[in-house]
Amino acid sequence: MGQKINPLGFRLGITQNHRSYWFAKPKKYSKVFEEDKKIRDCIELYVQKHIKNSSNYGGIARVEIKRKTDLIQVEIYTGFPALLVESRGQGIEQLKLNVQNILSSEDRRLRMTLIEIAKPYGEPNILAEYIALQLESRVAFRRTMKKAIELAKKKI
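Its first residue numbered 22, the sequence shown is counted upward by one per residue in our numbering.
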């Protein structure tokens with residue numbers, strides 16, 4: 022049997038970066054790791070419920086979580102931040118409240134920032150979600166693939 026390696030772990034530090042930046046004691050590590058997973062799931066669920074539909078698409082490339090002693094900083098890398106902000110920033114505030122409710126009741130501050138990606142369809146996650154959304158809405162697969170290739174090659 023060959024030894025299998027996670028592709029992300031193999032590329033860390035070379036072409037990929039870590040998705041979480043924090044340090045925890047061994048007894049608290051699993052709890053903090055589960056909190057990170059809950060935060061990411063909450064953000065994905067919010068985008069899926071409030072933003073994603075066939076005409077207006079809100080793709081998230083990645084979510085980075087940085088923890089300090091009393092601060093949790095969540096950076097959401099998206100190609101279309103205007104869709105998450107909505108009117109007068111209420112969208113991001115609602116998302117922040119949802120994440121705050123999921124976190125344990127410890128007294129920590131939460132800071133969420135949206136970071137726009139210059140070439141959104143150059144990110145594989147956003148492009149894959151776009152293709153999946155098109156196929157779910159019954160668009161012809163050849164047309165979808167041609168459009169995806171065109172979007173990926175497009176220089177913005």
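Using N, Cα and C, we set each Cβ at its ideal position, and we do this for glycine too.
Assuming residue i is part of the beta strand (DSSP E), what are its boundary residues?
i: valine 95; result: 92-99
i: leucine 131; result: 130-137
i: isoleucine 81; result: 81-88
Can you give me the C-alpha to C-alpha distance between residue i and residue j, rounded to a whole angstrom?
i: leucine 66; j: leucine 104; result: 15 Å
i: threonine 36; j: leucine 172; result: 23 Å
i: phenylalanine 54; j: glutamate 96; result: 17 Å
i: leucine 92; j: alanine 45; result: 14 Å
i: arginine 32; j: asparagine 38; result: 8 Å
Output yes or no for whether 8 Å exceeds the beta carbon distance between residue i and residue j.
i: arginine 83; j: arginine 40; result: yes
i: leucine 148; j: alanine 161; result: no
i: tyrosine 98; j: isoleucine 60; result: no
i: tyrosine 142; j: lysine 175; result: yes
i: aspartate 57; j: isoleucine 86; result: yes
Could you spell out where the alpha helix (DSSP H) holding residue i opens and where it closes?
i: phenylalanine 162; result: 162-174
i: isoleucine 152; result: 145-157
i: glutamate 55; result: 50-71
Between which residues of its own chain and residue i is the CB-CB distance below 8 Å, once the five residues before and five after are set aside?
i: valine 106; result: Gly112, Ile113 and Leu135
i: glycine 34; result: none
CB-CB under 6 Å to residue i, same chain, minus the five flanking residues each way: which ones, in chain order?
i: isoleucine 123; result: Lys59 and Cys63
i: lysine 25; result: none
i: glutamine 121; result: Leu131
i: tryptophan 43; result: Arg88
Give every residue of the same chain whose Cβ lies closer than 7 Å to the Cβ of residue i, excluding the five residues on either side of it in the sequence, and list them in chain order.
i: proline 102; result: Leu135 and Glu137
i: serine 75; result: Only weak support exists for where serine 75 lies, its pLDDT of 46 falling under 50; the value from the coordinates is given anyway. The residues are Leu154 and Ser158.
Within 8 Å (strictly less), CB to CB, does residue i reach chain C?
i: threonine 36; result: Given the protein chain composition of this structure (a single chain), no chain C is represented.
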